[in-house]
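For reference, the structure is listed below as structure tokens.
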Amino acid sequence: MENDHLVISLLGSGGGVGKAVLALLEQVLQDAQAPLHKSITGCTIHCIDAKPLPQDTFTPYCPQLASHLVLHQFDLQDTARFKHHLANTATALVIDASWADTLTMLDCCNELAVAYVNTALESEEVDQLSELEGFTLIERYSRFIAGRSSYTNLKAIVGSGMNPGVVQWFALSLMQEQPDKLPLACYIVETDSSFYADRTLLQPKTLYSTWSPECYLDEAVLNYPMYVSHHQALFLYEAVYAQTFIIRLGELSFEGCLMPHEEVLSLGERFPFETGFIYKVNEVTTAILQSHLANSDELWDWNHKLLDPRDAELEGSDLVGVLLVYDDHERYLYNVMENKQIYAAYGTNATYFQVACGLYGGICSLLLGEVPKGVHWIDELSDTGIKAYGDYIAYFMKPLVRGTNASSDGLLLQRLRK
Numbered sequence: 004m005e006n007d008h009l010v011i012s013l014l015g016s017g018g019g020v021g022k023a024v025l026a027l028l029e030q031v032l033q034d035a036q037a038p039l040h041k042s043i044t045g046c047t048i049h050c051i052d053a054k055p056l057p058q059d060t061f062t063p064y065c066p067q068l069a070s071h072l073v074l075h076q077f078d079l080q081d082t083a084r085f086k087h088h089l090a091n092t093a094t095a096l097v098i099d100a101s102w103a104d105t106l107t108m109l110d111c112c113n114e115l116a117v118a119y120v121n122t123a124l125e126s127e128e129v130d131q132l133s134e135l136e137g138f139t140l141i142e143r144y145s146r147f148i149a150g151r152s153s154y155t156n157l158k159a160i161v162g163s164g165m166n167p168g169v170v171q172w173f174a175l176s177l178m179q180e181q182p183d184k185l186p187l188a189c190y191i192v193e194t195d196s197s198f199y200a201d202r203t204l205l206q207p208k209t210l211y212s213t214w215s216p217e218c219y220l221d222e223a224v225l226n227y228p229m230y231v232s233h234h235q236a237l238f239l240y241e242a243v244y245a246q247t248f249i250i251r252l253g254e255l256s257f258e259g260c261l262m263p264h265e266e267v268l269s270l271g272e273r274f275p276f277e278t279g280f281i282y283k284v285n286e287v288t289t290a291i292l293q294s295h296l297a298n299s300d301e302l303w304d305w306n307h308k309l310l311d312p313r314d315a316e317l318e319g320s321d322l323v324g325v326l327l328v329y330d331d332h333e334r335y336l337y338n339v340m341e342n343k344q345i346y347a348a349y350g351t352n353a354t355y356f357q358v359a360c361g362l363y364g365g366i367c368s369l370l371l372g373e374v375p376k377g378v379h380w381i382d383e384l385s386d387t388g389i390k391a392y393g394d395y396i397a398y399f400m401k402p403l404v405r406g407t408n409a410s411s412d413g414l415l416l417q418r419l420r421k
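Take the sequence shown: its letters are residues 4 to 421, numbered as in my numbering.
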């Protein structure tokens with residue numbers, strides 16, 4: 004694939020993830036040593052969005068790559084048009100950074116044998132069913148699992164962002180260092196302190212997030228806290244922000260909330276240990292959620308604001324990693340990115356660039372690696388595929404911090420703080 008003319012279709016290119024991916028590929032274009040450099044040098048990227056975008060939308064993110072972009076405006080629910088686009092452009096790879104239904108996109112790509120990578124499971128039907136409130140993530144996952152075996156004509160990786168995605172590689176990488184001892188638990192951990200440097204920008208009745216506020220609310224308000232133990236998904240019938248769980252990573256510690264996430268289900272399906280996602284966001288957003296435990300539905304009617312460094316300077320960082328719990332110690336691996344540094348280099352925030360690194364790992368794995376036909380999570384790749392994925396993400400994702408806690412805080416409910 005390195006020497007062929009590569010044709011990519013990027014879905015949802017005008018969103019935060021789409022722009023971050025293009026910003027990263029801009030660096031690949033300029034770096035002769037970067038994986039996939041030769042293909043990006045001669046590639047064409049078709050950018051598809053539901054809303055029309057100005058021609059210069061992407062120039063600030065990828066000035067040199069911009070000449071490789073072709074902009075399209077149509078709704079991905081029009082599958083006939085989407086399949087015509089794929090065939091007419093000879094697309095080799097679809098990068099899905101949109102809210103389009105995952106199974107529908109896989110149907111189209113499978114029919115035409117087009118490789119596919121995304122960051123999360125999406126289902127428009129599930130999102131519209133009010134009776135599924137509290138359980139939308141596990142329903143999306145169940146529908147995906149029920150249908151995935153039918154996709155035998157394409158190579159696809161689902162959930163190749165930061166989490167899900169990179170964190171599965173983190174977990175497997177740490178476990179491979181102690182192959183004779185299975186951990187008692189694997190917790191995906193994140194603490195995101197990103198916010199405006201100028202706090203006077205804070206507006207009333209506004210919810211702030213470093214990624215899609217609507218998707219964040221889906222996890223923080225609409226769903227119940229969930230974890231997996233012995234392959235069984237378990238729910239705590241509390242509001243997500245009614246309780247926190249303590250996490251220690253060496254000298255760093257924080258208290259985060261338990262949220263449902265794809266990688267928890269994927270890792271929990273494969274391994275018997277306890278797994279969950281523990282997430283802390285900036286103090287402003289945390290205070291808003293904690294003060295609306297009794298009337299959280301009101302937050303859907305607030306203004307929703309993405310923390311974009313192009314609007315105003317962002318301070319803080321996003322740390323994402325994994326914590327493996329053993330009976331007498333804990334081991335961790337994480338990446339932390341500072342907003343100011345990422346904006347200076349890539350024009351986006353730390354959260355979106357971490358997601359872009361995960362997508363880059365998936366893109367390189369599909370185009371340069373030996374991914375078999377079918378649909379795979381990152382943790383389902385072969386040992387060779389896992390090693391290659393780690394090499395790809397590490398090219399841009401720095402630093403990777405490894406360490407050990409000399410004692411253990413135990414399993415999830417032992418970490419609970421009301």
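Ideal Cβ positions, reconstructed from N, Cα and C, are used throughout, including at glycine.
How do the stretch 211-226 and the stretch 306-324 stand: do at least 3 beta-carbon pairs fall below 8 Å, yes or no? A contact exists between the stretch 211-226 and the stretch 306-324.
Tell whether a beta-carbon distance below 7 Å holds between Thr407 and Arg334. For this step, residue 407 is matched to residue 404 along the sequence shown. For this step, residue 334 is matched to residue 331 along the sequence shown. Yes, they are a contact pair.
Proximity below 7 Å, CB of Leu175 to CB of Asp382: Locating residue 175 in the sequence shown gives position 172, where the first residue counts as 1. Locating residue 382 in the sequence shown gives position 379, where the first residue counts as 1. Taking a C-beta distance under 7 Å as the contact criterion, Leu175 and Asp382 qualify as a contact pair.
What three-state label does DSSP hand Glu127 in the structure shown? Here residue 127 refers to the residue found at position 124 of the sequence shown. In this structure, Glu127 counts as helix in the three-state DSSP scheme.
Roughly how many angstroms lie between the CA atoms of Asn121 and Gln293, to the nearest whole one? Start at 1 with the first residue of the sequence shown, and residue 121 comes out as number 118. Start at 1 with the first residue of the sequence shown, and residue 293 comes out as number 290. Straight through space, the alpha carbons of Gln293 and Asn121 are spaced by roughly 32 Å.
Does the Cβ of Pro402 have 16 or more other Cβ atoms within 10 Å, making it buried, or fewer, making it exposed? As a first step, residue 402 must be located in the sequence shown, where it is residue number 399. Answer is exposed; the Cβ neighbour count stays below 16.
Three-state secondary structure (DSSP) of Cys367: Your numbering for residue 367 matches position 364 in the sequence shown. In the structure shown, Cys367 sits in a helix (DSSP, three-state: H, G or I).
Quick one: what does DSSP say Tyr349 is sitting in, helix, strand or coil? Here residue 349 is taken as the residue at index 346 of the sequence shown, counted from 1. Note: Tyr349 maps to helix in three-state DSSP.
Chain-order list of residues whose beta-carbon lies under 6 Å from that of Tyr190 (same chain, five-residue window excluded): Stepping through the sequence shown from its first residue, residue 190 is reached at position 187. Hits under 6 Å: Gly279, Ile281, Leu326.
Alpha-carbon to alpha-carbon, Ser385 and Glu277: Numbered from its first residue, the sequence shown carries residue 277 at position 274. Numbered from its first residue, the sequence shown carries residue 385 at position 382. Distance between the alpha carbons of Glu277 and Ser385: 23 Å.
How about Ser12 and Val73: are their beta carbons less than 7 Å apart? Position 9 of the sequence shown, counting from 1, holds the residue named residue 12. Position 70 of the sequence shown, counting from 1, holds the residue named residue 73. Taking the C-beta atoms as reference points, Val73 is found no nearer than 7 Å to Ser12.
Buried or exposed for Gln344, please, with buried defined as at least 16 other CB atoms from any protein chain shown within 10 angstroms of its CB. As a first step, residue 344 must be located in the sequence shown, where it is residue number 341. Of the other Cβ atoms in all chains shown, fewer than 16 fall within 10 Å of the Cβ of Gln344; this residue is therefore exposed.
Keeping to the same chain, check which residues put their C-beta closer than 8 Å to that of Ser355; ignore five residues upstream and five downstream. Counting from 1 along the sequence shown, the entry for residue 355 is found at position 352. Sequence check: residue 355 is Tyr here, not Ser. If we look at Tyr355 and ignore the five residues flanking it on each side, its Cβ neighbours are Gly19, Val20, Lys22, Ala23, Thr213, Trp214.
For Glu254 and Ala409, what's the separation of their Cα atoms in angstroms? For the purposes of this step, residue 254 is identified with residue 251 of the sequence shown, where counting begins at 1. For the purposes of this step, residue 409 is identified with residue 406 of the sequence shown, where counting begins at 1. C-alpha of Glu254 to C-alpha of Ala409: approximately 11 Å in a straight line.
Exposed or buried, what is Pro38 when buried is set at 16 or more other beta-carbons lying within 10 Å of its beta-carbon? On the sequence shown, position 35 is the one that residue 38 refers to. A residue is called buried when at least 16 other Cβ atoms come within 10 angstroms of its Cβ; Pro38 meets this threshold and is buried.
In whole angstroms, what is the alpha-carbon distance linking Ser196 and Leu115? Stepping through the sequence shown from its first residue, residue 196 is reached at position 193. Stepping through the sequence shown from its first residue, residue 115 is reached at position 112. Rounded to the nearest whole angstrom, the CA to CA distance from Ser196 to Leu115 is 43 Å.
For Ser42, report the span of its alpha helix (DSSP H) as first-last. To locate residue 42, count along the sequence shown from 1; it is residue 39. Ser42 -> alpha helix (DSSP H) spans 40-44.
Just the C-alpha distance for His233 and Leu322, rounded to the nearest angstrom, thanks. Position 230 of the sequence shown, counted from the first residue, corresponds to residue 233. Position 319 of the sequence shown, counted from the first residue, corresponds to residue 322. Each residue's CA atom was taken as its position, placing His233 and Leu322 some 28 Å apart.
Residues in the same chain with beta-carbon distance under 6 Å from Cys360, minus the five sequence neighbours each way, listed in chain order, please. Your numbering for residue 360 matches position 357 in the sequence shown. Excluding its 5 nearest sequence neighbours in each direction, Cys360 has C-beta neighbours in its own chain below 6 Å: Ile396, Phe399, Met400, listed in chain order.
State the Cα-Cα distance for the pair Val404 and Gly364, rounded to the nearest angstrom. For the purposes of this step, residue 404 is taken as residue 401 along the sequence shown, with counting starting at 1. For the purposes of this step, residue 364 is taken as residue 361 along the sequence shown, with counting starting at 1. Answer to the nearest angstrom: the Cα atoms are 19 Å apart.
Rounding to the nearest angstrom, what Cα-Cα distance links Val117 and Leu109 in this structure? The residue you call residue 117 lines up with position 114 of the sequence shown. The residue you call residue 109 lines up with position 106 of the sequence shown. Those two C-alpha atoms are separated by around 9 Å.
Please report how far the alpha carbon of Gly2 lies from the alpha carbon of Gln206, in whole angstroms. Look at the range of the chain in this structure, 4 to 421, and you will see that residue 2 is not part of it.
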